[in-house]
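Asks:
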Amino acid sequence: MGATDSTSDFRHPALLLIDLQRGFFADPGVAAWRQQITANCNRLAAAAARAGVPVISVRTVHKEDRSTWTLKMLEDGQGYLFEGTAKAGYLEELELAGAIEVVKRRDSAFWNTELTTLLLQRRASSLVLAGVATDTCIRATASDAFAANLPVAVATDACASPDPQAGQNALEYMSTQHRQKLMDTEEIISLWTRQEERKCH
């Protein structure tokens with residue numbers, strides 16, 4: 001997209017909440033962080049709404065007829081997160097009123113979705129990422145954002161991985177290789193608040 005010339009340019013962000021679904025939180029390693037992640041994602045969504053930041057909720061959904069399955073799913077003969085099932089649904093405690101939904105079939109929220117068009121329509125030129133899992137869908141989305149010249153901040157206290165070490169390695173990779181920012185929820189909200197205050201003066 002060629003939107004910015006700095007990895008620190010977050011003047012026009014969008015918030016992406018990734019895979020906050022029952023099926024992913026069935027994993028014990030992720031379930032342990034459910035309360036913290038949902039609370040912080042709700043805080044981020046509310047702060048984004050106040051600041052006029054678009055909120056995009058990304059959800060993985062597959063078809064039972066195998067037409068959307070990944071190579072691993074096909075090889076194992078086992079699909080998941082099928083349309084209309086409880087596991088494909090959002091966590092009950094999420095507050096997503098007003099959020100735009102993007103349905104994806106692969107790890108990256110950019111792959112074969114309308115995400116790029118939505119960002120262009122809303123003139124969003126940077127991303128804040130939260131959700132699961134840090135080492136798969138967060139990292140894949142962040143990698144495609146880097147390829148599109150979109151600065152990224154990852155809300156480190158609003159994401160998790162079934163394998164904590166893999167999650168930490170992914171964060172370090174995003175930070176060192178793509179110069180993407182690792183911030184906590186409070187830092188991100190403060191950034192949006194400062195930006196709003198500057199607009200008012």
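The sequence shown begins at 1 in UniProt numbering and counts up by one. We treat Cβ as the ideally placed atom computed from N, Cα and C, and that holds for glycine.
(1) Along the chain, where does the beta strand (DSSP E) that runs through C159 open and close?
(2) Going by DSSP, name the residue or residues bridged to residue 212.
(3) Helix or strand or just coil, what does DSSP make of V53?
(4) Which residues in the same chain have their Cβ closer than 8 Å to the Cβ of D135, if we skip the five residues on either side of it in sequence?
(5) Can you name, in chain order, every residue of its own chain whose Cβ lies under 8 Å from the Cβ of Y90, other than the five neighbours on each side?
(6) Considering only residues of the same chain and omitting the five flanking positions on each side of D9, which have a CB-CB separation below 8 Å?
(7) In its own chain, which residues sit with a C-beta less than 8 Å from the C-beta of G131, not counting the 5 before and 5 after it?
(8) With a threshold of 8 Å between beta carbons, is A49 in contact with chain D?
(9) Use the C-beta contact count for R66: other C-beta atoms within 10 angstroms, 16 or more gives buried, fewer gives exposed.
(10) Can you find the residues in the same chain that come closer than 8 Å, C-beta to C-beta, to I100, ignoring five residues on each side of it along the sequence?
(11) Assuming M183 contacts A142 under a Cβ cut-off of 8 Å, what Cβ separation, rounded to an integer in Å, is found between them?
Replies: For this structure:
(1) 152-160
(2) Residue 212 is absent from the structure shown; the chain starts at 1 and stops at 201.
(3) coil
(4) S161, D163, A166, G167, N169, A170
(5) L20, Q21, R22, S57, R59, L96
(6) S125, S126, P151
(7) L16, L17, I18, D19, L20, I37, C41, V58, C137, I138, A158, C159
(8) Protein chain content of the structure displayed is limited to a single chain, and chain D is not contained in it.
(9) exposed
(10) P54, V55, I56, S57, L118
(11) Not a contact, Cβ separation roughly 13 Å.
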